[in-house]
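Q: Here you go, one structure.
Numbering (UniProt numbering), first residue to last: 1 to 162.
Quick look at the structure:
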């Protein structure tokens with residue numbers, strides 16, 4: 001373009017907008033509060049607290065009465081109660097059936113553990129899959145991969161790890 005030809009108009013792609021004044025809205029002239037809701041909620045909370053306190057007092061009175069009756073029964077019987085708790089022992093201390101149950105009933109978060117199963121003929125390294133009657137299914141790390149072993153043929157089971 002030459003210096004003589006200078007445009008004094010707006011560009012052709014420009015969309016001209018009307019020049020209007022912005023609306024002057026008075027903001028926040030009207031507003032809401034939750035004061036009534038809070039008052040109602042506080043009143044309900046107080047009523048509930050009173051009801052709960054009454055219920056707790058009744059329950060405590062019942063528990064005290066039950067405890068008194070229970071103490072009287074204990075004094076009459078005067079026999080010491082023996083608690084039966086399952087003792088957590090070493091894997092070595094378990095019997096063969098308990099070891100097999102331990103390997104089968106591991107939590108799902110723990111992967112199956114490899115065991116060394118000592119029989120009269122060979123030692124088999126693998127994972128115990130299941131037990132039907134007196135036959136144990138084992139997934140061996142060597143061929144044949146799936147084996148079945150009779151419970152009577154097993155001498156010992158040792159844990160090898162994952």
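Think of the CB as a built atom: it goes at the ideal place given N, C-alpha and C, for glycine as much as any other residue. It should be emphasised that the depicted structure is a prediction, and the values quoted were computed from it without experimental measurement.
Among all the DSSP beta bridges, which residues are the ones paired with residue 89?
A: Along the chain shown, one-based indexing puts residue 89 at 89. DSSP output for residue 89 lists no bridge partner at all.
Q: What residue from 142, 117, 108 has the CA that sits closest to residue 158's CA?
A: Reading the chain shown from its first residue, position 158 is the one you call residue 158. Of 142, 117, 108, the residue nearest in Cα terms is 117.
Q: Suppose only complete runs of 4+ residues qualify. What are the alpha helix (DSSP H) ranges in the stretch 93 to 130, listed by chain order?
A: Listed in chain order, the complete alpha helix (DSSP H) runs (minimum 4 residues) inside the stretch 93 to 130 are 96 to 104.
Q: Rounded to whole angstroms, what's the CA-CA distance from residue 70 to residue 63? Just pull it up for me.
A: Within the chain shown, residue 70 is the residue found at index 70, counting from 1. Within the chain shown, residue 63 is the residue found at index 63, counting from 1. Roughly 10 Å separates the two Cα atoms.
Q: Please classify residue 130 as buried or exposed, where buried requires at least 16 other C-beta atoms within 10 Å of its C-beta.
A: Here residue 130 is taken as the residue at index 130 of the chain shown, counted from 1. So residue 130 counts as exposed.
Q: Provide the residue(s) that pair with residue 138 in DSSP beta bridges, ordered along the chain.
A: Here residue 138 refers to the residue found at position 138 of the chain shown. Answer is 128, 147.
Q: Considering only C-alpha positions, which residue in the set 51, 145, 151 is nearest to residue 135?
A: Locating residue 135 in the chain shown gives position 135, counting from the first residue. Of the listed residues, the one whose Cα sits closest to residue 135 is 151.
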